[in-house]
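Undergrad: Residues in the sequence shown are numbered consecutively from 1, following the working numbering.
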Amino acid sequence: MRARKEFIILCCVVCMTAAFAQRYAIVVSDTTYSIPGWGEVVDSLVVRHNGQVFTWQDSVRQVQNALTAYMPDYIAFVARSFYELKVQFVHSVWDMTRNLDADPYGDAIWGIVSGHDYPDAMRIVQNQTLQVKTVLGGTNCTWDSWFYQGISTFEAQYNRIRFKLPDTSLIIDTICPPRCPDDRCTLLVNYLNDGMNDTILGYSVQGPVDFFMTSGHGNVDVWQLHYPTPDLEGYFRSDAGQVYGDPRVGTNRNINSSNPKVYNAMGNCLVGNPNNPNYMPFAWLHSGGAIAMTGYMPSTAYGYMLWGLGGLFQMSQDRYTYAETFFINNQELLFDRLNNTPGTDPNGLDYDRDACCYYGDPAADIRMFAWRDPWWDQGLDVVPGAEFDTITFWIEANYDSVDPGFSGTSGRRHPFSFFPYRYDSTVVLDGNCYGTVITDNFVLMYCWQQGDQRLASGETRHVRFIGRRTTGVDEQEMIHVSSVSRFSVTPTLSRDAIRIEFDLLFPERVIVTVYDAAGRLVKQLVSGHYAEGTHSLVWSGKSERIPAGVYFVRLQTGGSSRSEKVILTVH
């Protein structure tokens, strides 16, 4: 494991950050919420993230005012394949999530939780953590030197294969027909299904594929392996939730991969298009093992969003999650467009702004396995004040020739940091950069542009400013300590009733409610003040003629919300 500098954050700030309750919104149509299975997906997100549900009837835009009032940090849009999840739906999501306040930048990290059917969406919810160690490249443009290990192949050159060896900077790049045949189709299918177990020159690369990247020609239900013409290679195709390899010669091979992974179709036209259940996103979320996927919905013409996403995610190591990186890269795009950053193409930025979709839980902890120093270290030092906090955002280059700004479609980006709280009334005091964007939820530092001398190792940039902490969460909610030390929900021996027990450390107002698997309120069991100590109650489904099935029991106090799942059998 690499040695790594610690970010400098004052002790009092660490305590405040630990108390900060991030708000999570789940947006879903009434129709989808009422369908068994899909309703359980929503309820599982509620339980996992202490989320708030927002429902719409005719248009997803109907929840915008309610989201503005709630001001979430994350928004999961739960949507059923092509029934409601279409390109125009995603365009509405982009527009809404930038317009929860007055500034032109994004206001919440979002993701689409979907799949060929609800078990795919539930799989996304259940797989909340992934350490990305092993990359597989259907393209050579994988930034593989930043991964712990991996294998990359070349879409425009036959038989060329590159091994990034584990826990070292050593890369073996070779022409090797026995390892990489003219048609890579079956080779890539085998890696995805079975993982890697290859040895070359005495070095081994072993393990399941955590991250798969592709480039070259694509369409809504196909990826052409060779570029620019098919020539000797086959295709990946999708149909009815199944992704499969179609080699130039031989039979099709299904991709049925159980290990969770990220798929970035960074250079493929239309592969992210969700308009039909036979299209690629639903196949990768169903049989391909993806718990997060990013792809272009229209043709790929410029590449800022997804080529830039790859570089930003890898070169930052474990600083950001994959969903955070997707969000950040779009804010960088908006900044470059608004400021005409040297080197960028305004037409390309306009085209890419809303062209891509993120499929996955926006709060899932999907991160790079950190084995080396990132491109630069950075920190956010916060000195709390009576009314205004003083904040310093800084970076320090870890290598020579570091370029912290726009350096090409697939290059680095401007330094960026999320805030532990939301701020307003910010004023810049000083810094050694061209300028700064400070919104309520992040800071972006413009400190290098094309033509400048690159930073040497150890060189720093910073900006210092003041801001008034507002946060989207009520201050009393933030500092409230939960009184609940134990909460259990169990069926009785006859399994026709539920026993609910909870312990309070101090007197507290308590609300206990029961929801069915579709997320509908069944009954409010408790609403009132309870003394310190142990409390229990029994709810009988049989006496109230409640059907057998899966139920969720939720306990709410002023400082916490907990939910438990229970199966009720009525005799």
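C-beta atoms are modelled at their ideal positions from N, C-alpha and C, and glycine is treated no differently.
These figures come from a predicted structure and were not determined experimentally.
E396 bridges to which residues according to DSSP?
TA: BP columns for E396 point to D377, T460.
Undergrad: What residues in its chain sit with their C-beta under 6 Å from that of P298, if we drop five residues either side in the sequence?
TA: Around P298: A355.
Undergrad: DSSP beta-bridge partners for L85?
TA: Looking at the DSSP assignment, L85 forms no beta bridge with any residue, so it has no partner.
Undergrad: By Cβ distance below 8 Å, which residues in the same chain neighbour I172 in space, the five residues on each side in sequence not counted?
TA: Taken in chain order, the residues that qualify are R162, F163, L165, I200, L201, Y203.
Undergrad: Assuming T153 and G267 are in contact, meaning their beta carbons sit under 8 Å apart, how far apart are those beta carbons, in whole angstroms?
TA: Not quite, the Cβ-Cβ distance comes to about 14 Å (not below 8 Å), so this is no contact.
Undergrad: Let me know if F326 comes out buried or exposed under the rule of 16 or more other beta-carbons within 10 Å of its beta-carbon.
TA: Buried, since its Cβ has 16 or more Cβ neighbours within 10 Å.
Undergrad: Do you know how far the Cα of L334 is from the Cα of A102?
TA: When rounded, the distance between both Cα atoms is 15 Å.
Undergrad: Could you give the DSSP three-state label for V249: helix, strand or coil?
TA: Coil at V249, not helix or strand.
Undergrad: On the CB-based measure, 16 or more other CB atoms within 10 Å of its CB, does D198 come out buried or exposed?
TA: Exposed, by the Cβ-count rule.
Undergrad: State the DSSP-derived secondary structure class of C185, mapped to helix, strand or coil.
TA: Note: C185 maps to helix in three-state DSSP.
Undergrad: For F211 versus V262, is the C-beta distance shorter than 7 Å?
TA: Their beta carbons are under 7 Å apart, which means F211 touches V262 by this criterion.
Undergrad: D183 and R248: beta carbons closer than 7 Å?
TA: Cβ atoms of D183 and R248: closer than 7 Å.
Undergrad: Determine the contact status of Y469 and Y434, defining contact as a CB-CB distance below 7 Å.
TA: At residue 469 the sequence reads Arg, which differs from the Tyr that was named. Not closer than 7 Å, so no.
Undergrad: Helix, strand or coil: which one does DSSP assign to N339?
TA: N339 falls in the helix class under three-state DSSP.
Undergrad: Between the beta-carbon of Q62 and the beta-carbon of W56, is there less than 7 Å?
TA: Cβ distance < 7 Å, so Q62 and W56 count as in contact.
Undergrad: Take A76 as the anchor and find which of R23, I112, D336, D58 has the nearest alpha-carbon.
TA: Closest option to A76, Cα to Cα, is I112.
Undergrad: Please state whether the Cβ-Cβ distance between F369 and K133 is less than 7 Å.
TA: Yes, Cβ-Cβ distance for F369 and K133 is below 7 Å.
Undergrad: Would you check if the distance between the CB atom of Y304 and the CB atom of G348 is smaller than 7 Å?
TA: Contact flag set, yes.
Undergrad: Give the straight-line distance between the Cα atoms of F406 and T341, rounded to the nearest whole angstrom.
TA: Rounded to the nearest angstrom, the two C-alpha atoms are 8 Å apart.
Undergrad: Run through the DSSP bridge pairs and tell me what T55 is partnered with.
TA: Answer is V28, bridged to T55.
Undergrad: Since R562 and V484 are thought to touch, with beta carbons under 8 Å apart, how far apart are those beta carbons, to the nearest angstrom?
TA: Contact holds; Cβ gap of about 7 Å.
Undergrad: Cα separation between D377 and N339?
TA: Whole-angstrom Cα-Cα distance: 25 Å.
Undergrad: Out of curiosity, what's the CA-to-CA distance linking Q476 and N50?
TA: Its pLDDT being 38, under 50, Q476 is placed unreliably in this model, and the coordinates cannot settle the point.
Undergrad: Tell me where the alpha helix (DSSP H) around M315 begins and ends.
TA: Element bounds for M315: 304-315.
Undergrad: Count the other C-beta atoms from every protein chain shown that fall within 10 angstroms of the C-beta of R554, then say buried if there are 16 or more, exposed otherwise.
TA: Label assigned to R554: buried.
Undergrad: Where does P415 fall in DSSP's three states?
TA: Correct three-state label for P415: coil.
Undergrad: Bridge partners for N254 per DSSP, in chain order?
TA: Its beta-bridge partners are Y244.
Undergrad: Have a look at the DSSP bridge pairing and note the partners of L455.
TA: DSSP, once it has assigned bridges, lists V402 as partnering L455.
Undergrad: By Cβ distance, which residues of its chain are closer than 6 Å to Y118, with the 5 residues on each side in sequence left out?
TA: If we look at Y118 and ignore the five residues flanking it on each side, its Cβ neighbours are G37, W38, V41.
Undergrad: So which of F419, V437, Y421, A548 has the shortest CA-CA distance to V427?
TA: Nearest of F419, V437, Y421, A548 to V427, Cα basis: V437.
Undergrad: Using 8 Å as the Cβ pair cut-off and three pairs as the minimum, do the stretch 437-454 and the stretch 392-410 touch?
TA: Contact holds: three or more Cβ-Cβ distances are below 8 Å.
Undergrad: Assuming contact is defined by CB atoms lying nearer than 7 Å, are D43 and F552 in contact in what I supplied?
TA: Yes, Cβ-Cβ distance for D43 and F552 is below 7 Å.
Undergrad: Alpha carbon to alpha carbon, what distance is there between N256 and D120?
TA: Going by the C-alpha atoms only, they are around 13 Å apart.
Undergrad: Do you know whose CA, among F388, A386, M445, Y421, lies nearest P415's CA?
TA: Residue M445 is the option with its Cα nearest to P415.
Undergrad: Once DSSP output is grouped into helix, strand and coil, what is the label at W284?
TA: The answer is helix: DSSP assigns W284 an H, G or I state.
Undergrad: Pop quiz: P362 and I109 are said to be a contact at Cβ under 8 Å. What is the actual Cβ separation, rounded to whole angstroms?
TA: Going by Cβ atoms, the distance from P362 to I109 rounds to 5 Å, so yes, they are a contact pair.
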